Amino acid sequence: SCNGCDIEIVATMGPRYDPEQVGTLRQGSPKHAAILLVTGPLTLRTRDALRDIWGQIPRPRAVVAVGSCPASGNVFAGSPTIVGALSRVIPVDIYVPGCPPRPQAILEGCIQAAHLLAEETTHDQRAIREERP
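In terms of the numbering used here, the sequence shown has 16 at position 16, counting the first letter as 1, and numbering is strictly consecutive.
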């Protein structure tokens, strides 16, 4: 990807936007996370790694697709190495539009994902309820 969304995520984590005020913390391991932020287009080389990371996040979990690339592939769409929309591989709960989105929008997407987790309405939580007899 172009790393534009990644740069905006770094800006979001700084003191200007202070994500910790709403309970958002970066985690070094997916095993300690509840929300996964995904940027850039989904490629054939990253698809399996993404599934692996997704599988390591304890349930319930939520996915925030940051920027236009995870939603559609954006300018990379049609390339033979691009899988397509992120939702073809893992369920997406929140889309943050933009190329790249502003830090405020990314933070708002994280807040919305946290609300979905609290309300037990993420794609993952609905699947858990459907699995129960």
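For every residue, glycine included, the Cβ atom is placed at its ideal position computed from N, Cα and C.
A quick note: this is a predicted structure, and the numbers were derived from the prediction, not measured.
> From residue 33 to residue 55, what distance separates their C-alpha atoms?
Replying inline: Walking along the sequence shown from the start, residue 33 turns up at place 33. Walking along the sequence shown from the start, residue 55 turns up at place 55. Approximately 11 Å, taken between the alpha carbons.
>> Tell me whether the stretch 93-102 and the stretch 59-67 touch, counting them as touching only if at least three CB pairs, one residue from each stretch, are closer than 8 Å.
In response: yes
> Name the DSSP bridge partner or partners of residue 83?
Replying inline: Indexing the sequence shown from 1 puts residue 83 at position 83. In the DSSP output, where bridge partners are listed per residue, residue 83 has none listed.
>> Buried or exposed, going by whether 16 or more other CB atoms sit within 10 Å of the CB of residue 8?
In response: Within the sequence shown, residue 8 is the residue found at index 8, counting from 1. Per the 10 Å Cβ criterion, buried.
> Nearest CA to the CA of residue 48: which residue from 109, 2, 89, 59?
Replying inline: As a first step, residue 48 is located in the sequence shown; it is residue number 48 there, counting from the start. It is 89.
> Under 9 Å between C-beta atoms, does residue 24 make it to chain D?
Replying inline: In the displayed structure, chain D is absent; only one protein chain is listed.
> Which residues share a DSSP beta bridge with residue 35?
Replying inline: What you label residue 35 is simply residue 35 of the sequence shown in a count that begins at 1. Answer by DSSP bridge pairing, in chain order: 62.
>> Using the three-state DSSP reduction, which class does residue 12 fall into: helix, strand or coil?
In response: To locate residue 12, count along the sequence shown from 1; it is residue 12. In this structure, residue 12 counts as helix in the three-state DSSP scheme.
>> Between residue 44 and residue 83, how many whole angstroms is the CB-CB distance? I'm expecting something under 8 Å.
In response: Taking the first residue of the sequence shown as 1, we reach residue 44 at position 44. Taking the first residue of the sequence shown as 1, we reach residue 83 at position 83. Sure, about 6 Å apart at Cβ, within 8 Å.
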